[in-house]
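In the working numbering, the protein residues as written are 39 to 189. The beta-carbon is built from N, C-alpha and C at its ideal position, and this holds for glycine as well. The structure appears below as structure tokens.
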């Protein structure tokens, strides 16, 4: 029985695809590809159809994490039913997810940094231009998440 994890951010071009590709890399290295399925989507419609932002791609290249071309998509209620865990990057995402999941009745929605024992946002590099800090947060959150899921 595999666990399905969906990372979500505002537009699905910076943080959630970064988390998707970082987590997929960690899952592959842990030989858990059959147990943990990973994807990402957007809360909002601003970037629907856009590929991963160049700053995110550059950071992933720099740290040697593979990625593939993709198109930003928006989360739906069907995704809520389909995934075991839905992970937001910041409090705005959490508010959007609360609305989009009709109040999270199945208790599936979490903030990424909670897995690392921190109740805080992953900074949005769309606004900060700082993909290094975002990557450090994503890596820390994903490593803690993987540890929890691998148990």
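Sequence-distant partners of residue 135 (beyond 5 residues in either direction) whose C-beta falls short of 8 angstroms from its own C-beta, in its chain, are 46, 81, 113, 124, 126, 142 and 147.
According to the DSSP assignment, residue 180 belongs to the alpha helix (DSSP H) that extends over 169-188. Judged by their CB atoms, residue 79 and residue 117 are nearer to each other than the 9 angstroms cut-off. Taken through DSSP and simplified to helix, strand or coil, residue 63 comes out as helix.
Unbroken alpha helix (DSSP H) runs of no fewer than 4 residues, entirely contained in the region 127-164, are found at 129-138, following chain order.
DSSP lists no bridge partner for residue 101. Secondary structure note for residue 68: it is in no beta strand (DSSP E), with a DSSP letter that is neither H nor E. Annotation for residue 54: 45, 46, 47 and 78 place their beta carbon closer than 6 angstroms to its own, counting only its chain and skipping 5 residues before and after. Just so you know, the alpha carbons of residue 163 and residue 42 end up roughly 26 angstroms apart. Taken through DSSP and simplified to helix, strand or coil, residue 109 comes out as coil. In the DSSP assignment, residue 77 falls within the unbroken beta strand (DSSP E) covering 74-80. Looking at the DSSP output, residue 124 shares a beta bridge with 44 and 147.
Counting C-beta atoms within 10 angstroms of its own C-beta, residue 64 has 16 or more neighbours from the protein chains shown and is therefore classed as buried. Contact check for residue 178 and residue 154: beta-carbon distance about 5 angstroms, within the 8 angstroms limit, so the pair qualifies.
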